[in-house]
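Below you'll find the structure, written out as structure tokens, and then a few comments.
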Amino acid sequence: MAAGDAPIGAGVPGGATAGDPAAGDAPIGAGVPGGATAGDPAAGGAPAGAAVPGGAAAGDVAVAGRGGARGVPAQAPDADWDRAVALISSASEVALACHVSPDGDALGSMLAAGAALRAAGKRVTASFGDRRFAVPRLLRFLPGQDLLVEPARYPAAPELMVTFDVSTVDRLGTLAESAGRAGELIVVDHHPSNPGFGTLNLIDPAAASTTTLVERLLHRLGLPIDEAIATCLYVGLVTDTGSFRHSSTTPAAHDMAARLVAAGPDPEEIARRLWDSSPFGYLKVLGAVLGRATLEPEVGGGLVWTFVTRADRAPYGLPYDEVEGIIDVVRRTGEAEVTVVLKEDDDGAWQVSTRSRGGVDVARVCSALGGGGHARAAGFTSRLPVEETMAGLRALL
1 MAAGDAPIGA GVPGGATAGD PAAGDAPIGA GVPGGATAGD PAAGGAPAGA AVPGGAAAGD
61 VAVAGRGGAR GVPAQAPDAD WDRAVALISS ASEVALACHV SPDGDALGSM LAAGAALRAA
121 GKRVTASFGD RRFAVPRLLR FLPGQDLLVE PARYPAAPEL MVTFDVSTVD RLGTLAESAG
181 RAGELIVVDH HPSNPGFGTL NLIDPAAAST TTLVERLLHR LGLPIDEAIA TCLYVGLVTD
241 TGSFRHSSTT PAAHDMAARL VAAGPDPEEI ARRLWDSSPF GYLKVLGAVL GRATLEPEVG
301 GGLVWTFVTR ADRAPYGLPY DEVEGIIDVV RRTGEAEVTV VLKEDDDGAW QVSTRSRGGV
361 DVARVCSALG GGGHARAAGF TSRLPVEETM AGLRALL
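Going by the numbering used here, the sequence shown opens with residue 1, and the numbers climb by one from there.
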């Protein structure tokens, strides 16, 4: 599509889409105070120069993307959003990917975008690069999973590839090679540690979730948000804000939630599926893991940590994804500034999750160990034994 053509979805019957902020808003792309465009339902991200988590200014994220060294501002400029709209609108087929071991934000953002693009007539492929390809049990209620294909069936060299919530190319797992061969690679993400590995980077560290950016993209494309799409977007928002408890919870996040719920999702049912249902084996594993938790008051303003082994899970047939939420129990420790949970995956590697109350930038720590994330929530992978992994981490706190 030429740059001056109308985006897909323009002239949608009925006018405003389900997520439009107000029927009387200016047309998509019209300038509004503060630098956001009227088509953005909630700009949400801080303007350039505003404070963002981790202490960096919004314009301070320096990256070297595939297009050469460049700086990715905290809120991608309108020109980048316009180019993304042009690329997606002109593509007949779009390949979507989210990070390995997907959480609600990763899978929700990808499925929401996929459903909207398919409804607009695009051929859509969606996947994530886990060698053991399976949607986590807690997310199997999300609509649109018929879009998913196993990594082996993913295009080897897609014309256009879009990644969601992927902070580094390594987080694509087995799909990293496809990203390297893609004609155009659009990165949609909100991790401050993202180096901008795409040919086009829509990165906003001030956004509450990647689904926040997907909602923004769909509005710029002129695509409606129905109940199924809203459900996926809401799951990403509510999981990444910790059910609106984390510091990423802004007025814009609540505004987005209101728009999405108005489109039909049931918050009570979503909360029940995400947080109020676990197999009995989880309780047994949780008991063992809490029993070995260690508190080190002298480290990092207070460190609490524990670990989960494959042997812990095996007697109950408990999948790896079922132990992801253990850190939310351990982090309640009042004496601890930093919480760490090491989880042994099915390949024997340790997936290390970290949380901070705000006094320690765990994204800095995890980036130094090959991972990344946010100032208060980050992670990395280790193949060293538990004690060696913890020794390396302690040295950085």
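Heads up, the beta-carbon is just placed ideally off N, CA and C, and yes, glycines get one too. Please read all numbers here as calculations on a predicted model, not as lab measurements.
By Cβ distance below 6 Å, which residues in the same chain neighbour residue i in space, the five residues on each side in sequence not counted?
{"i": "glutamate 298", "result": "none"}
{"i": "proline 279", "result": "none"}
{"i": "asparagine 194", "result": "Ser167 and Ile203"}
{"i": "valine 308", "result": "Val289, Val323 and Lys343"}
Using only the alpha-carbon positions, how far apart do residue i and residue j sit?
{"i": "aspartate 346", "j": "arginine 131", "result": "10 Å"}
{"i": "leucine 112", "j": "alanine 363", "result": "The identity of residue 112 in the sequence shown is alanine, whereas the question assumes leucine. When rounded, the distance between both Cα atoms is 27 Å."}
{"i": "valine 235", "j": "methionine 390", "result": "32 Å"}
{"i": "proline 77", "j": "threonine 163", "result": "18 Å"}
{"i": "leucine 202", "j": "alanine 134", "result": "27 Å"}
{"i": "threonine 241", "j": "threonine 249", "result": "6 Å"}
{"i": "glutamate 159", "j": "alanine 293", "result": "48 Å"}
{"i": "aspartate 312", "j": "valine 340", "result": "18 Å"}
{"i": "leucine 397", "j": "leucine 290", "result": "22 Å"}
{"i": "tryptophan 350", "j": "glutamate 387", "result": "12 Å"}
{"i": "serine 167", "j": "glutamate 344", "result": "21 Å"}
{"i": "lysine 284", "j": "valine 329", "result": "14 Å"}
{"i": "alanine 207", "j": "alanine 368", "result": "23 Å"}
{"i": "serine 243", "j": "serine 209", "result": "12 Å"}
{"i": "threonine 381", "j": "glycine 371", "result": "7 Å"}
{"i": "arginine 394", "j": "histidine 99", "result": "27 Å"}
{"i": "glutamate 215", "j": "proline 251", "result": "16 Å"}
{"i": "histidine 374", "j": "proline 315", "result": "34 Å"}
{"i": "serine 101", "j": "proline 136", "result": "8 Å"}
{"i": "arginine 220", "j": "glycine 379", "result": "32 Å"}
{"i": "glycine 334", "j": "glutamine 75", "result": "35 Å"}
Over what stretch of residues does the alpha helix (DSSP H) that includes residue i continue unbroken?
{"i": "alanine 97", "result": "From DSSP, alanine 97 is part of no alpha helix (DSSP H) but of the beta strand (DSSP E) over 93-98."}
{"i": "glycine 236", "result": "227-240"}
{"i": "arginine 245", "result": "No alpha helix (DSSP H) holds arginine 245; DSSP gives it neither H nor E."}
{"i": "glutamate 268", "result": "267-275"}
{"i": "aspartate 361", "result": "Run containing aspartate 361: none; DSSP gives neither H nor E here."}
{"i": "aspartate 78", "result": "78-90"}
{"i": "aspartate 170", "result": "Here aspartate 170 belongs to no alpha helix (DSSP H), and DSSP marks it neither H nor E."}
{"i": "alanine 113", "result": "104-119"}
{"i": "aspartate 328", "result": "326-330"}
Just list the residues that DSSP pairs residue i with in beta bridges.
{"i": "glutamate 335", "result": "Paired residue(s): none; glutamate 335 is not in a bridge."}
{"i": "valine 352", "result": "Leu342 and Phe380"}
{"i": "isoleucine 203", "result": "Asp189"}
{"i": "threonine 125", "result": "Ala95"}
{"i": "methionine 390", "result": "Per DSSP, none; premise fails for methionine 390."}
{"i": "methionine 161", "result": "Ala95 and Leu185"}
{"i": "threonine 294", "result": "Trp305"}
{"i": "leucine 148", "result": "Ala126"}
{"i": "glycine 372", "result": "Gly379"}
If you follow the beta strand (DSSP E) that residue i is in, where does it begin and where does it stop?
{"i": "threonine 306", "result": "303-308"}
{"i": "glutamate 215", "result": "First-last for glutamate 215: 210-221, but that is the alpha helix (DSSP H), not the beta strand (DSSP E)."}
Excluding sequence positions up to five away, which residues of its chain have a Cβ less than 7 Å from the Cβ of residue i?
{"i": "alanine 336", "result": "Leu295, Gly302, Leu303 and Val304"}
{"i": "aspartate 103", "result": "Thr239"}
{"i": "tyrosine 282", "result": "Leu318 and Glu322"}
{"i": "alanine 84", "result": "Ile186, Leu200, Leu202 and Leu217"}
{"i": "tyrosine 154", "result": "Ala95, Thr125, Ser127, Leu175 and Ser178"}
Could you tell me whether the Cβ of residue i comes closer than 8 Å to any Cβ of chain C?
{"i": "valine 187", "result": "Annotation note: the requested chain C is absent from the structure, which comprises a single protein chain."}
Within a Cβ cutoff of 8 Å, which residues of the same chain sit near residue i, ignoring the five residues on either side of it in sequence?
{"i": "alanine 106", "result": "Cys98, His99, Phe128, Phe164, Asp165, Val166, Thr210 and Gly236"}
**Asked** If you pair each beta-carbon of the segment 223-232 with each one of the segment 247-264, do three or more pairs fall below 8 Å?
**Response** Two segments are said to touch when three or more pairs of C-beta atoms, one from each, lie closer than 8 Å; by this definition the segment 223-232 touches the segment 247-264.
**Asked** Are three or more beta carbon pairs between the segment 142-158 and the segment 108-124 nearer than 8 Å?
**Response** They touch, by the three-pair rule.
**Message:** Would you call the segment 170-185 in contact with the segment 342-359, where contact means no fewer than 3 C-beta pairs closer than 8 Å?
**Reply:** No: the two stretches stay apart, fewer than three of their Cβ pairs being nearer than 8 Å.
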